[in-house]
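In our numbering, the protein residues as written are 47 to 132. Think of the CB as a built atom: it goes at the ideal place given N, C-alpha and C, for glycine as much as any other residue.
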């Protein structure tokens, strides 16, 4: 999950630097904001994305590359529905 966001971003950064601008939006989860019982396999990857986004925000700023994050809430998926049935 973490590397699926990191590697593509790093592949695009050289072209953004050469243009002198760019915008990046990293989608993570509300699980990156607070530890929640039962999410020990999921939440650490979301915390890692949050830390990555905050770090590259500062690293990319001199190149006029803006970095933002969105913290998605629970999504209505079959897995989420099954989880709520227990």
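Following the continuous beta strand (DSSP E) through residue 74, name the residue where it begins and the one where it ends. Counting from 1 along the chain shown, the entry for residue 74 is found at position 28. Counting along the chain, the beta strand (DSSP E) containing residue 74 begins and ends at 68–75.
Report all residues from its chain with a CB closer than 6 Å to the CB of residue 112; omit the five preceding and five following residues, and keep chain order. The sequence position of residue 112 within the chain shown is 66, counting from 1. Cβ neighbours of residue 112 beyond the five flanking positions: 69.
Around the C-beta of residue 72, are 16 or more other C-beta atoms found within 10 angstroms, so that it is buried, or is it exposed? The residue given as residue 72 occupies position 26 in the chain shown. Looking at its Cβ environment, which holds 16 or more other Cβ atoms inside 10 Å, residue 72 is buried.
Given 7 Å as the limit, tell me if residue 102 has its C-beta closer than that to any heavy atom belonging to the ligand NAD. Ligands displayed in this structure: none; no statement on the ligand NAD is therefore possible.
Residue(s) in a DSSP beta bridge with residue 112: Here residue 112 refers to the residue found at position 66 when the chain shown is read from its first residue. 69, per the DSSP bridge assignment.
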